[in-house]
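Residue numbers (full-length UniProt numbering): 1 to 479.
Even glycine gets a Cβ: it sits at the ideal position worked out from N, Cα and C.
Small disclaimer: the values here were computed from a predicted structure and weren't measured.
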Amino acid sequence: NKGVEYLVEASAAEAEAISATLAAVKARQVNGEVEQLPDRDRGSEATPSGKLISSMVKLPDPSAASNTPPMVVAAETGGALGGMVRQLSIDQFENEGRRVSHGTPENATAARKLLDRQMSINSVPKKVIAHLLKPRGWKPPVRRQFFLDCNEIADLCDSAERIFTSEPTVLQIKAPVKIFGDLHGQFGDLMRLFDEYGAPSTAGDIAYIDYLFLGDYVDRGQHSLETITLLLALKVEYPHNVHLIRGNHEAADINALFGFRIECIERMGERDGIWAWHRFNRLFNWLPLAALIEKKIICMHGGIGRSINHVEQIENLQRPITMEAGSIVLMDLLWSDPTENDSVEGLRPNARGPGLVTFGPDRVMEFCNNNDLQLIVRAHECVMDGFERFAQGHLITLFSATNYCGTANNAGAILVLGRDLVVVPKLIHPLPPAINSPEASPERHTEDTWMQELNANRPPTPTRGRPQTSNDRGSLAWI
Numbered sequence: 001n002k003g004v005e006y007l008v009e010a011s012a013a014e015a016e017a018i019s020a021t022l023a024a025v026k027a028r029q030v031n032g033e034v035e036q037l038p039d040r041d042r043g044s045e046a047t048p049s050g051k052l053i054s055s056m057v058k059l060p061d062p063s064a065a066s067n068t069p070p071m072v073v074a075a076e077t078g079g080a081l082g083g084m085v086r087q088l089s090i091d092q093f094e095n096e097g098r099r100v101s102h103g104t105p106e107n108a109t110a111a112r113k114l115l116d117r118q119m120s121i122n123s124v125p126k127k128v129i130a131h132l133l134k135p136r137g138w139k140p141p142v143r144r145q146f147f148l149d150c151n152e153i154a155d156l157c158d159s160a161e162r163i164f165t166s167e168p169t170v171l172q173i174k175a176p177v178k179i180f181g182d183l184h185g186q187f188g189d190l191m192r193l194f195d196e197y198g199a200p201s202t203a204g205d206i207a208y209i210d211y212l213f214l215g216d217y218v219d220r221g222q223h224s225l226e227t228i229t230l231l232l233a234l235k236v237e238y239p240h241n242v243h244l245i246r247g248n249h250e251a252a253d254i255n256a257l258f259g260f261r262i263e264c265i266e267r268m269g270e271r272d273g274i275w276a277w278h279r280f281n282r283l284f285n286w287l288p289l290a291a292l293i294e295k296k297i298i299c300m301h302g303g304i305g306r307s308i309n310h311v312e313q314i315e316n317l318q319r320p321i322t323m324e325a326g327s328i329v330l331m332d333l334l335w336s337d338p339t340e341n342d343s344v345e346g347l348r349p350n351a352r353g354p355g356l357v358t359f360g361p362d363r364v365m366e367f368c369n370n371n372d373l374q375l376i377v378r379a380h381e382c383v384m385d386g387f388e389r390f391a392q393g394h395l396i397t398l399f400s401a402t403n404y405c406g407t408a409n410n411a412g413a414i415l416v417l418g419r420d421l422v423v424v425p426k427l428i429h430p431l432p433p434a435i436n437s438p439e440a441s442p443e444r445h446t447e448d449t450w451m452q453e454l455n456a457n458r459p460p461t462p463t464r465g466r467p468q469t470s471n472d473r474g475s476l477a478w479i
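Structure below.
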């Protein structure tokens with residue numbers, strides 16, 4: 001007669017799983033089945049707490065009388081027989097399991113809440129990916145209500161923030177890698193790029209190539225929420241293959257004015273929208289600030305400005321960091337631009353605003369020589385072909401959103417960097433304007449036009465290489 005000599009009841013949350021296991025043991029006994037496995041060879045099925053059942057179930061003394069019923073030792077307070085211990089017949093154990101679970105409602109309820117919370121945290125990134133990562137099938141929501149609530153956004157941000165806090169300020173990345181420039185809430189362009197050149201999924205190419213995004217995920221476009229939540233979900237799902245760094249629009253004082261805050265409120269309601277907007281911006285303060293690929297190519301959002309001469313200056317920036325608390329190094333890193341062309345050297349005032357600069361090709365060559373680098377890849381400026389070379393090819397400006405703000409008619413691009421560090425640009429072109437039929441719904445009209453007034457009142461920085469208008473250099477028009 002095979003049975004159970006003793007079993008330690010570890011917690012109320014385990015009672016149900018253990019009861020089911022012992023019921024199966026009892027069924028085998030009734031059917032006359034006999035197991036001869038030694039303890040070390042018994043199964044290693046895990047309980048909900050992660051403990052192995054094999055560590056709690058032992059064979060009886062073979063010399064025991066055959067008519068002695070199997071006994072269970074149940075500890076009232078759990079944990080290494082730390083409380084009162086009572087012996088039970090296995091016939092009584094199923095009811096005892098119920099007594100332990102239901103007789104300690106506070107413990108059982110707390111365990112259930114903890115389990116539900118953990119399941120929720122683990123499932124939110126998968127929910128986001130399942131809902132949004134549809135390179136060919138994604139369509140804008142007809143009624144613009146966002147599909148995540150505040151609790152889910154909190155779980156997603158918490159999970160992503162734990163990863164960002166463990167990463168260095170300057171990421172170290174291996175080739176091959178795809179590099180993405182500004183997206184600015186143009187989620188449809190992100191899906192088109194994934195469709196044309198591969199998506200970060202097990203069905204795509206995530207096993208073979210990393211993904212690096214250079215910031216400015218929000219503002220200006222119509223789907224900042226979709227853009228940032230999908231990228232965060234991908235970061236949680238593939239933490240070693242998907243990399244995000246910070247842009248100048250990942251800051252509360254900027255995205256309060258250029259669309260992200262408005263979108264959160266408009267799509268989630270005022271109370272929940274403002275809460276979500278604050279939570280995203282706390283997360284943004286933890287984003288890494290640059291990425292070094294194979295120690296030869298540095299990627300950042302803006303540029304090197306007047307102050308950045310060595311990579312160590314970026315590495316020494318302590319996160320979390322806000323724009324208000326940041327140094328001139330942070331401002332240069334997120335806000336500076338190259339000069340108009342290779343013939344304009346040195347430092348010049350930047351039309352974006354007072355205190356900001358543009359830097360010439362001589363600064364680029366000096367920085368690369370100081371740090372033994374081959375190339376700087378940066379974003380931050382719209383360029384007509386989606387990418388543009390500067391400083392005899394030692395700097396590339398990259399922009400991934402097409403027809404920026406509905407007016408630029410520019411292409412979008414990504415860079416595919418091979419193991420040999422050869423850079424290959426990949427482009428998508430603007431889609432023709434949508435033709436609205438007379439039957440088009442009011443919701444569709446709102447979807448297509450809701451950001452136009454804001455962008456008209458606060459026009460974006462002119463496309464690089466185009467003549468600049470006579471706007472006030474200190475105005476918001478240049479951000």
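For residue i, is the classification buried or exposed, using 16 other Cβ atoms within 10 angstroms of its Cβ as the cut-off for buried?
i: Ala130; result: exposed
i: Asp216; result: buried
i: Asp253; result: exposed
i: Gly83; result: Note that Gly83 scores a pLDDT of 41, beneath 50, so its modelled location is shaky; the value from the coordinates is reported in the next line. That one is exposed.
i: Gln186; result: buried
i: Glu312; result: exposed
i: His240; result: exposed
i: Val170; result: buried
i: Gln392; result: exposed
i: Asp155; result: buried
i: Ala199; result: buried
i: Gly355; result: exposed
i: Asn341; result: exposed
i: residue 481; result: Any answer about residue 481 is impossible in this case: the structure gives the chain only from 1 up to 479.
i: Arg267; result: buried
Of the residues the options, which one's Cα is nearest the Cα of residue i?
i: Lys127; options: Gly188, Gln145, Val236, Arg192; result: Val236
i: Trp277; options: Ile228, Leu292, Leu317, Leu287; result: Ile228
i: Leu183; options: Cys157, Gly412, Thr407, Phe164; result: Gly412
i: Val242; options: Glu270, Gly198, Leu212, Phe260; result: Leu212
i: Glu315; options: Leu289, Thr322, Arg267; result: Leu289
i: residue 484; options: Gly269, Asp210, His429; result: Residue coverage of the chain in this structure runs from 1 to 479, which leaves residue 484 outside it and unanswerable.
i: Val177; options: Ile428, Pro349, Ile304, Val424; result: Val424
i: Leu421; options: Ile297, Leu395, Val344; result: Ile297
i: Ser307; options: Glu381, Glu324, Glu366; result: Glu366
i: Ala175; options: Lys426, Ile396, Leu415; result: Leu415
i: Leu375; options: Pro361, Asp385, Phe387, Ile396; result: Ile396
i: Gly303; options: Phe359, Arg267, Ile321, Arg319; result: Phe359
i: Leu132; options: Phe146, Thr202, Gly181, Leu230; result: Leu230
i: Thr402; options: Ser201, Phe180, Asp210; result: Phe180
Mind reading off the beta-carbon distance from residue i to residue j? Whole number of angstroms is fine, and I expect it under 8 Å.
i: Leu317; j: Val329; result: 6 Å
i: Phe284; j: Ala251; result: 7 Å
i: Cys150; j: Trp275; result: 6 Å
i: Ser336; j: Val357; result: 6 Å
i: Ile428; j: Glu196; result: 6 Å
Measure the alpha-carbon distance for residue i versus residue j and round it to whole angstroms.
i: Ile245; j: Lys295; result: 17 Å
i: Gly474; j: Arg419; result: Interpretation of Gly474 is limited by its pLDDT of 42, a score under 50 that renders its predicted location unreliable; the figure taken from the coordinates is listed afterwards. Looking at the two C-alpha atoms, the distance is approximately 43 Å.
i: Cys299; j: Ala351; result: 23 Å
i: Met331; j: Val383; result: 21 Å
i: Lys139; j: Ala233; result: 19 Å
i: Val100; j: Ala291; result: Because Val100 carries a pLDDT of 43, less than 50, the predicted location of this residue cannot be relied on, and the following value inherits that uncertainty. So the alpha carbons of these two residues sit roughly 53 Å apart.
i: residue 495; j: Phe390; result: This structure does not reach residue 495, given that the chain is present from 1 up to 479, and the question cannot be answered.
i: Trp286; j: Ser327; result: 16 Å
i: Ala408; j: Pro462; result: 8 Å
i: Phe164; j: Asn410; result: 32 Å
i: Asn369; j: Val377; result: 15 Å
i: Met191; j: Phe399; result: 15 Å
i: Gly353; j: Ala207; result: 43 Å
i: Glu263; j: Gly273; result: 8 Å
i: Gly137; j: Ile153; result: 24 Å
i: Asn122; j: Ser343; result: 53 Å
i: Asp189; j: Tyr238; result: 21 Å
i: Leu373; j: Asn281; result: 32 Å
i: His431; j: Ser224; result: Strictly speaking, residue 431 in this sequence is Leu, with His absent from that position. Approximately 19 Å, taken between the alpha carbons.
i: Lys426; j: Ile321; result: 33 Å
i: Arg261; j: Asp219; result: 8 Å
Which residues does DSSP list as the beta-bridge partners of residue i?
i: Lys426; result: Ile414
i: Cys299; result: Ala291, Val377
i: Gln172; result: Leu292
i: Asp337; result: Thr358
i: Lys134; result: DSSP output for Lys134 lists no bridge partner at all.
i: Glu388; result: Thr397
i: Pro349; result: Val357
i: Phe213; result: Phe180, Leu244
State yes or no: is the beta carbon of residue i nearer than 8 Å to at least one beta carbon in chain D?
i: Glu152; result: Protein chains in the displayed structure number just one, and chain D is not present.
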